[in-house]
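In the numbering used here, the protein residues as written are 22 to 425. By construction, the Cβ of each residue, glycine as well, lies at the ideal position given by its N, Cα and C atoms. A quick note: this is a predicted structure, and the numbers were derived from the prediction, not measured.
Okay, structure coming up:
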């Protein structure tokens with residue numbers, strides 16, 4: 022009993038949430054509310070995703086310990102030359118480009134430690150930099166199929182090539198980033214929130230173990246290159262890169278290799294989320310979604326689809342919600358489907374579990390001791406979600422009418 026009490030006292034509230042959701046999903050399966058066939062399909066669908074999550078977190082943690090992120094952070098801070106306004110633009114551009122060209126989960130995993138290391142290097146508040154990462158990991162994920170797993174599904178549904186999707190989504194993407202910048206500056210970056218007018222650029226950071234630094238830097242670069250050229254599946258790239266980092270630490274710093282590197286919370290939460298959402302879907306969610314989304318392909322229908330997608334993504338999770346919502350949108354309503362995509366990509370900035378990127382971000386912040394007030398996170402996220410959805414859907418409708 023004493024051991025159990027000790028373990029329970031060390032558990033984070035999100036650990037309890039993850040375990041509770043998985044237990045609910047298993048109970049639904051055991052009682053027959055969730056058919057075994059549907060559960061098996063869901064698990065097969067997310068198996069590669071779980072492999073990616075497990076290996077990429079290990080890669081990020083070891084890369085952080087090898088001081089790769091400290092070196093990158095000091096470089097960004099030096100380019101900013103002491104100006105918060107310049108640093109703000111640099112961070113927004115860095116996060117946006119990373120999300121657009123790689124994907125939002127990579128931004129959450131690899132860029133979050135860079136931002137947090139940057140805060141430590143220049144002695145400024147970590148929360149503004151952390152919020153820049155998590156918000157743009159979601160709101161900058163509209164432009165290309167690779168930017169978000171939901172984009173791949175939507176592009177297949179409406180038969181759009183990568184350039185075709187970009188041609189339809191460039192305006193919503195710019196609108197979303199613009200609103201995000203405004204909210205970031207208002208809530209987190211302006212002088213009253215982040216301190217003095219200027220900061221002191223740091224000296225060049227020199228890692229303690231240059232061998233570990235070089236190996237982990239090469240592992241990360243290879244991982245990013247493999248994603249960019251789409252040479253291998255995402256989970257294969259992360260697994261190979263993580264294995265390279267683990268091998269280097271096994272030789273140079275074996276004590277750093279411990280079981281706590283594995284993101285057990287996420288590996289428990291994600292299957293639970295899919296089981297719960299699949300249960301709800303087979304027991305009436307599809308019909309409810311069809312009624313909520315409607316059949317109007319014009320601006321009102323687009324706003325409804327985006328609102329439903331964003332709202333349910335924050336209640337459940339954006340990936341299973343998009344999969345469920347896609348079948349509720351009439352086949353010919355391409356703009357309405359893209360509006361649903363906007364809702365499930367841009368909207369999940371209110372609750373910690375709304376997107377995998379947000380969960381990954383929380384994991385990185387928790388690992389590095391950075392705490393964000395849940396009330397402030399949800400309140401400011403709600404303002405961003407409402408503004409970004411309206412602006413993005415409006416831009417989609419406007420450019421659609423101009424090209425039509």
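Where residue i falls: helix, strand or coil (DSSP)
i           : result
residue 104 : strand
residue 286 : helix
residue 219 : strand
residue 56  : coil
residue 88  : coil
residue 417 : helix
residue 357 : helix
residue 95  : helix
residue 24  : Unreliable positioning characterises residue 24 in this predicted model, as indicated by a pLDDT of 40, which lies under 50. The coordinate reading is nonetheless provided below. Residue state, collapsed to three classes: helix.
residue 318 : coil
residue 339 : helix
residue 409 : helix
residue 389 : coil
residue 153 : helix
residue 163 : coil
residue 373 : coil
residue 333 : helix
residue 351 : coil
residue 174 : helix
residue 404 : helix
Nearest residue (CA-CA) to residue i, options the options
i           : options            : result
residue 21  : 389, 289, 384      : Since the displayed the chain opens at 22 and closes at 425, residue 21 lies outside it and no answer follows.
residue 399 : 173, 373, 382, 122 : 373
residue 87  : 201, 390, 234, 314 : 234
residue 307 : 268, 348, 187      : 348
residue 98  : 276, 140, 200, 84  : 140
residue 64  : 85, 403, 295, 383  : 295
residue 57  : 416, 300, 380      : 300
residue 39  : 421, 393, 337, 402 : 337
residue 456 : 371, 406, 401      : A question about residue 456 goes unanswered here, because the residues of the chain that appear run from 22 up to 425.
residue 186 : 393, 363, 113, 394 : 363
residue 265 : 376, 241, 385      : 241
residue 100 : 230, 223, 376      : 223
residue 228 : 36, 32, 339, 89    : 89
residue 384 : 284, 356, 343, 402 : 284
residue 249 : 354, 142, 127      : 127
residue 142 : 92, 376, 188, 365  : 92
residue 192 : 60, 393, 165       : 165
Residue burial classification, residue i (beta-carbon count within 10 angstroms, cutoff 16)
i           : result
residue 253 : exposed
residue 54  : exposed
residue 210 : buried
residue 302 : buried
residue 177 : exposed
residue 163 : buried
residue 69  : exposed
residue 78  : buried
residue 169 : buried
residue 34  : exposed
residue 319 : exposed
residue 412 : buried
residue 330 : buried
residue 212 : exposed
residue 130 : buried
residue 156 : buried
residue 225 : exposed
residue 395 : exposed
residue 121 : buried
residue 62  : exposed
residue 60  : buried
residue 37  : exposed
Whole-number beta carbon distance between residue j and residue i, since they are thought to touch under 8 Å
i           : j           : result
residue 258 : residue 247 : 4 Å
residue 136 : residue 125 : Not really, about 15 Å apart at Cβ, beyond 8 Å.
residue 430 : residue 116 : No information on residue 430 is available, as it lies outside the stretch 22 to 425 that the chain covers here.
residue 263 : residue 270 : 11 Å between Cβ atoms; not a contact.
residue 204 : residue 414 : Between residue 414 and residue 204 the Cβ distance is about 17 Å, and since that is not below 8 Å, they are no contact.
residue 179 : residue 310 : Actually they do not touch by this definition, with Cβ atoms about 18 Å apart.
residue 361 : residue 327 : 7 Å
residue 73  : residue 297 : Not quite, the Cβ-Cβ distance comes to about 21 Å (not below 8 Å), so this is no contact.
residue 402 : residue 371 : 4 Å
residue 292 : residue 67  : 7 Å
residue 159 : residue 378 : 6 Å
Closer than 7 Å: residue i CB and nearest the ligand NAD heavy atom
i           : result
residue 408 : The ligand NAD is not part of the structure shown, which contains no ligands of any sort.
is_contact[residue i, chain D] using C-beta, thresh 8 Å
i           : result
residue 266 : No chain D appears in the structure shown, which is made up of a single protein chain.
I'd like the ranges of any alpha helix (DSSP H) spanning at least 4 consecutive residues and lying wholly in the stretch 189–273.
If we require 4 residues or more, the alpha helix (DSSP H) runs fully inside the stretch 189–273 come out as 212–215, 231–250, 255–273.
If you scan the stretch 120–153 from start to end, which runs of the alpha helix (DSSP H) of 4 or more residues do you find wholly inside it?
Counting whole runs of 4 or more residues, the stretch 120–153 contains the alpha helix (DSSP H) stretches 133–143.
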